[in-house]
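Peer 1: First residue of the sequence shown? That's 5 in this note's numbering, and the numbers climb one at a time after it.
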Amino acid sequence: MPSRFAPEPTLPAGQPERLAVLLCNLGTPDAPTPSAVQRYLAEFLSDDRVVEIPKPVWKLILHGVILRKRPKESAAKYATVWDAELGSPLLHWTRRQAEILQEWMQGAGYDVLVGFAMRYGKPSIAKQLDALKAQGATRILILPLYPQYSGTTTASVCDAVYDWAKTQRHIPELRFVHRYHNDPGYIQALAQRVVQHWQAHGMGRHLVMSFHGVPERTRDLGDPYQSECLETARLLAECLGLPQERFTVTFQSRFGKAKWLEPYTEPSLVALAQAGIQGVDVICPGFTSDCLETLEEIGQEARHAYLQAGGKQFHFIPCLNDTPHWIDALRTLTLRHTAGWPVQPYTAPVQEPAAAPAPAAAPAAEHSAATETAQATPTAPTAPAAPSSAQPSTEG
Numbered sequence: 005m006p007s008r009f010a011p012e013p014t015l016p017a018g019q020p021e022r023l024a025v026l027l028c029n030l031g032t033p034d035a036p037t038p039s040a041v042q043r044y045l046a047e048f049l050s051d052d053r054v055v056e057i058p059k060p061v062w063k064l065i066l067h068g069v070i071l072r073k074r075p076k077e078s079a080a081k082y083a084t085v086w087d088a089e090l091g092s093p094l095l096h097w098t099r100r101q102a103e104i105l106q107e108w109m110q111g112a113g114y115d116v117l118v119g120f121a122m123r124y125g126k127p128s129i130a131k132q133l134d135a136l137k138a139q140g141a142t143r144i145l146i147l148p149l150y151p152q153y154s155g156t157t158t159a160s161v162c163d164a165v166y167d168w169a170k171t172q173r174h175i176p177e178l179r180f181v182h183r184y185h186n187d188p189g190y191i192q193a194l195a196q197r198v199v200q201h202w203q204a205h206g207m208g209r210h211l212v213m214s215f216h217g218v219p220e221r222t223r224d225l226g227d228p229y230q231s232e233c234l235e236t237a238r239l240l241a242e243c244l245g246l247p248q249e250r251f252t253v254t255f256q257s258r259f260g261k262a263k264w265l266e267p268y269t270e271p272s273l274v275a276l277a278q279a280g281i282q283g284v285d286v287i288c289p290g291f292t293s294d295c296l297e298t299l300e301e302i303g304q305e306a307r308h309a310y311l312q313a314g315g316k317q318f319h320f321i322p323c324l325n326d327t328p329h330w331i332d333a334l335r336t337l338t339l340r341h342t343a344g345w346p347v348q349p350y351t352a353p354v355q356e357p358a359a360a361p362a363p364a365a366a367p368a369a370e371h372s373a374a375t376e377t378a379q380a381t382p383t384a385p386t387a388p389a390a391p392s393s394a395q396p397s398t399e400g
């Protein structure tokens, strides 16, 4: 009789147990074409975690209206950020993060497998979990690349992992990282990103921190996302030494007619321009990899709106991507959340990356150090002095 469970991989006798980390991002279409975008949107917008509308009603809207019009429009936008060699920026940066994290872990002497997956599109979470299990992974840490927890993102990753587990006879031990919105390493990586931009391009009159939006109803039903975004923004501003009047927190990517978290990003930028704020810097702290929402929505559409409204200088600060401070934050998160799990030493000769940090302590010791670090206030990087002509501005 056929089994409802997937076949178990055949592993060499005596192979030691292995630990693995799976970085999970949102997803991307396979190509900047209407057909590829339609497949991607059909999967993304069919997730109950993303759209909480009764299925019969939503199915009519999705297949009768959205998937007929939106793929062509979105494909044109994807084409503006798609690289001829590297493809999707989100896929490229997520892959790079996994590759460098594995190099750094091996350089520190740990035999840890690091993979990456997309919640929607390819490579899928199920496929990558199969691949890690086939390599002998018996303990897997699921690390979503969403610093702020939301039922629309983090919980959806958990759903996909649980669905995969239902198909397995021998389920690996699983752990999940739910949030790290206030993690000192993450905040420090953001601050370094901003300071490096200021050192290269000068400091704008106002810093806009734009987070991905969600329907306001999700907050009213208990989703902690908005409060975690605001805490991230507060900690980043403190790390940079910015007073309240020098930064604004906004929410972008509104979809549909429902009310989403406010203030919205583009209208806020227009209001800043109309209020005489001639130069703005915009960073998207909730996005750990550059993607359509940062490169096109902010870097192109929001820029155009701000300049059209009378603004003079608009600077988009790139996401964390593969910056050393961010990879080190990922390394610390990994060691903290795998504390207590045995890790095999890595003995194969490797060439340690030039920018790699000093060898990390053992997981248990790292857990203790990380706990102490989490209780400390992040140290602010040295920032350039504010322009002498800068004046306080009201939030847009």
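Every residue gets a Cβ at the ideal spot worked out from N, C-alpha and C, and that includes glycine.
Any contact of the segment 98-107 with the segment 132-140, i.e. 3+ C-beta pairs under 8 Å?
Peer 2: no
Peer 1: Taking G314 as part of the beta strand (DSSP E), name the residues at either end of that continuous run.
Peer 2: Run containing G314: none; DSSP gives neither H nor E here.
Peer 1: Given a cut-off of 7 Å on the beta-carbon distance, is the pair D285 and G208 in contact?
Peer 2: In this structure, D285 sits near G208, with a CB-CB distance shorter than 7 Å.
Peer 1: With DSSP collapsed to three states, give me the class of A130.
Peer 2: helix
Peer 1: Assuming contact is defined by CB atoms lying nearer than 7 Å, are L147 and V181 in contact in what I supplied?
Peer 2: yes
Peer 1: What first and last residue would you give for the alpha helix (DSSP H) that runs through P328?
Peer 2: P328 to H341
Peer 1: Measure the Cβ-Cβ separation of L273 and A237 and say whether it is below 7 Å.
Peer 2: no
Peer 1: Does the distance from the CB of W345 to the CB of L15 come in under 7 Å?
Peer 2: no
Peer 1: Using the C-alpha atoms, what's the distance from L26 back to I129?
Peer 2: 8 Å
Peer 1: Between A153 and R123, which are expected to be in contact by the criterion C-beta below 8 Å, what is the C-beta distance as a whole number of angstroms?
Peer 2: Rather than Ala, the amino acid found at residue 153 in this sequence is Tyr. Contact between Y153 and R123 does not hold, since the beta-carbon distance rounds to 14 Å and is not under 8 Å.
Peer 1: Sort L299, D34 and A193 by Cα distance to T336 and report the nearest one.
Peer 2: Among L299, D34 and A193, the Cα nearest to that of T336 is on A193.
Peer 1: Enumerate, from N- to C-terminal direction, the unbroken beta strand (DSSP E) stretches of 3 or more residues contained entirely within the segment 58-125.
Peer 2: 116-125
Peer 1: Can you tell me whether DSSP reads F48 as helix, strand or coil?
Peer 2: helix
Peer 1: Taking the C-alpha atoms as reference points, what is the distance between T171 and K131?
Peer 2: 12 Å
Peer 1: Run the CB neighbour count on S78, radius 10 Å, all protein chains shown included, and call it buried at 16 or more, exposed below.
Peer 2: buried
Peer 1: What's the C-alpha gap between W110 and L30?
Peer 2: Correcting the residue type first, residue 110 is Gln in the shown sequence and not Trp. Each residue's Cα considered, the two are about 27 Å apart.
Peer 1: If distances are taken between C-alpha atoms only, which option among P93, V55 and D87 comes closest to D326?
Peer 2: Closest option to D326, Cα to Cα, is P93.
Peer 1: For T398, which of helix, strand or coil comes out of DSSP?
Peer 2: Residue placement at T398 cannot be trusted, given a pLDDT of 31 that sits under 50; what the coordinates show is reported in the next sentence. It is coil, neither helix nor strand.
Peer 1: On the criterion of 16 or more Cβ atoms from any shown chain inside 10 Å, does E56 qualify as buried, or is it exposed?
Peer 2: exposed
Peer 1: Can you check which of these residues, E232, V218 and C323, is closest to Q200 by C-alpha distance?
Peer 2: C323
Peer 1: What distance in whole Å lies between the Cβ atoms of V161 and I321, which are believed to be in contact at a cut-off of 8 Å?
Peer 2: Contact doesn't hold; Cβ gap of about 26 Å is too wide.
Peer 1: Thinking C-beta only, is A83 closer than 7 Å to P36?
Peer 2: yes
Peer 1: Taking V402 and T156 to be in contact with their CB atoms under 8 Å, please state how far apart those CB atoms are, rounded to whole angstroms.
Peer 2: The structure shown does not extend to residue 402, since the chain is modelled only from 5 through 400, so no value can be given for it.
Peer 1: Could you tell me if M4 is buried or exposed, where buried requires 16 or more neighbouring beta carbons within 10 angstroms of its beta carbon?
Peer 2: With the chain represented from 5 up to 400, any question about residue 4 goes unanswered, as that position is not in the structure.
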